[in-house]
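Read in order, the letters of the sequence shown correspond to residues 1 to 353 in the working numbering. These notes are about the structure you will find just below.
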Amino acid sequence: HRFSLGASISASITFSYSMIHGLRLTEMDYEAGRINLEKARKKVELDVKKTFYNLLVIDESIKLAEQNYQAAVTRFKQAEANYNSGLVDQYTMLAAQVAMESLKPVIAEIRNGYETLLLSFKTLLGIDLDTPIRLSGSIEPVIHKFDARELSARFLSNRLDVQGLILAQKITDEVWKLEQSNLLPVLTLMYSMDPTFQGDPFGDFWFDKSWKQQTGMFGITLSMSLDNLIPNSAQKNRIYNASLDKEKIRVQLSQALQGAELEIRRIIVGLEKSAKSIEVLKLNVELAEKANQMGQEAYRAGLKDYSQIETTEVNLQEARVNLLKEKYNYLSGLLDLENALNTSLETIRGLGK
């Protein structure tokens with residue numbers, strides 16, 4: 001018995017410059033995705049920090065409002081006692097009561113705002129809305145002076161948007177090289193073999209000389225598209241478009257660097273303004289506290305009625321709240337500067353004067 005068993009094996013590999021550029025583009029696309037992910041992470045981190053400090057400000061505002069309310073309760077009780085003793089008229093007592101009662105909805109509104117913002121904070125953190133959390137921190141910023149030029153010169157390249165555009169510039173350059181490489185010939189190496197077994201499969205050894213045509217074939221091919229040699233061909237247009245993309249990215253990068261430097265200067269100007277405002281507002285609080293203290297002493301001595309000291313209380317409350325808000329503005333500006341430079345506050349403060 002004789003049988004014939006045949007097999008065909010072939011392999012080929014193609015070499016071209018476009019393969020090299022394609023691998024580089026794949027690596028760059030991965031890096032671009034990493035930068036975009038880092039941008040999203042930094043955005044969430046900034047929102048979390050700002051919300052945290054905002055919650056501290058609101059919590060402090062609640063404490064100030066409650067202190068004001070307790071002081072109003074004390075004044076009402078004193079006015080009520082004075083009225084019962086015939087020392088003041090009913091109007092003075094009622095004015096103190098109205099002032100006390102009017103603070104309740106104010107405190108309730110501030111508390112409601114705090115609870116609403118706290119829910120948003122939990123959402124940012126990705127925790128369950130019913131999970132109790134306790135905030136601990138300070139809104140006492142350390143004032144620093146910064147040199148916008150020095151910060152821009154040292155940290156501008158750290159910005160993620162700048163890094164993204166620099167990478168985009170490399171990608172468009174690599175795409176242009178890829179399109180250029182498509183004009184070059186393509187080298188292909190090929191090897192094939194088709195061995196055939198002829199004999200008795202039950203009596204003959206399968207791996208002896210019964211196999212025929214064991215030599216196979218090896219070939220080298222060099223190919224090139226003639227269409228690429230034609231002016232205004234599709235490939236030539238792709239090269240031209242790639243050149244335009246390179247120029248667009250170059251312009252975008254230049255504009256981004258200018259815009260980033262402007263943003264940094266704007267943030268630093270805002271920080272300087274807040275720093276000056278904090279100093280002025282601290283003085284305002286001291287003056288308001290002194291005026292209110294003198295008014296309270298005169299009120300307890302019966303030298304002034306409630307309507308005469310009410311203004312000093314309002315001024316003191318406004319001064320404290322305004323100082324609190326300005327401290328938050330300064331902290332918020334520091335966070336914006338940290339984000340704009342993609343550099344930690346510790347490093348930035350190390351350059352502060």
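Glycine residues also receive a C-beta, built at the ideal position from the N, C-alpha and C atoms.
Checklist entry - Contact between the segment 24 to 35 and the segment 281 to 298: three or more CB pairs below 8 angstroms? => result no
Next on the checklist: At the level of alpha carbons, what is the spacing between Asn342 and Leu160?
Outcome noted: The residue you call residue 342 lines up with position 342 of the sequence shown. The residue you call residue 160 lines up with position 160 of the sequence shown. Taking the straight line from one Cα to the other gives about 7 angstroms.
Checklist entry - Quick one, which of Asp227, Asp147 and Ile58 has its alpha-carbon nearest Ala108's? => result Residue numbering aside, residue 108 sits at position 108 when the sequence shown is read from its first letter. Considering only alpha carbons, the answer is Ile58.
Next on the checklist: Using only CA atoms, which one of Glu313, Glu289 and Lys49 lies nearest to Lys122?
Outcome noted: For the purposes of this step, residue 122 is taken as the residue at position 122 of the sequence shown. Of the candidates Glu313, Glu289 and Lys49, the one whose C-alpha sits nearest the C-alpha of Lys122 is Lys49.
Checklist entry - Is Tyr17 closer than 8 angstroms to Leu184 when the C-beta atoms are compared? => result Numbered from its first residue, the sequence shown carries residue 184 at position 184. Numbered from its first residue, the sequence shown carries residue 17 at position 17. A contact, by the Cβ cut-off of 8 angstroms.
Item to check | Three-state class that DSSP yields for Ala11 in the structure shown | outcome: As a first step, residue 11 must be located in the sequence shown, where it is residue number 11. Ala11: strand per DSSP, three-state reduction.
Checklist entry - Relative to the C-alpha of Ile264, which residue among Ala11, Glu338 and Leu324 is closest? => result As a position in the sequence shown, residue 264 is number 264, starting the count at 1. Answer by Cα proximity: Glu338.
Item to check | Environment of Ile13 [buried if 16+ CB atoms lie within 10 Å] | outcome: Within the sequence shown, residue 13 is the residue found at index 13, counting from 1. Answer is exposed; the Cβ neighbour count stays below 16.
Checklist entry - What's the call for Phe155, buried or exposed, on a 16-neighbour Cβ count within 10 Å? => result Within the sequence shown, residue 155 is the residue found at index 155, counting from 1. Answer is buried; the Cβ neighbour count reaches 16.
Item to check | Closest Cα partner of Gln258 within the set Asn232, Arg149 and Lys236 | outcome: Residue 258 sits at position 258 when you count from the first residue of the sequence shown. The option with the nearest alpha carbon to Gln258 is Arg149.
Checklist entry - Excluding five sequence neighbours on each side, which residues of the same chain lie with their C-beta closer than 8 angstroms to the C-beta of Tyr69? => result Numbered from 1 along the sequence shown, position 69 holds the residue referred to as residue 69. Met100, Leu103, Lys104 and Ile107.
Checklist entry - Cα separation between Ala260 and Asn329? => result Counted from its first residue, the sequence shown places residue 260 at position 260. Counted from its first residue, the sequence shown places residue 329 at position 329. Whole-angstrom Cα-Cα distance: 20 angstroms.
Checklist entry - Going by alpha carbons, who is nearest to Ser10 out of Ala72, Leu46 and Phe218? => result Counted from its first residue, the sequence shown places residue 10 at position 10. Ranking Ala72, Leu46 and Phe218 by Cα distance to Ser10 puts Phe218 first.
Next on the checklist: Looking at the strands, I want to know which residues DSSP matches up with Ile220.
Outcome noted: As a first step, residue 220 is located in the sequence shown; it is residue number 220 there, counting from the start. Paired residues: Leu189.
Checklist entry - Would DSSP call His144 helix, strand or coil? => result To locate residue 144, count along the sequence shown from 1; it is residue 144. His144 falls in the coil class under three-state DSSP.
Checklist entry - What is the rounded straight-line gap between the Cα of Ala168 and the Cα of Ala32? => result As a first step, residue 168 is located in the sequence shown; it is residue number 168 there, counting from the start. As a first step, residue 32 is located in the sequence shown; it is residue number 32 there, counting from the start. Cα to Cα, the separation comes out at about 8 angstroms.
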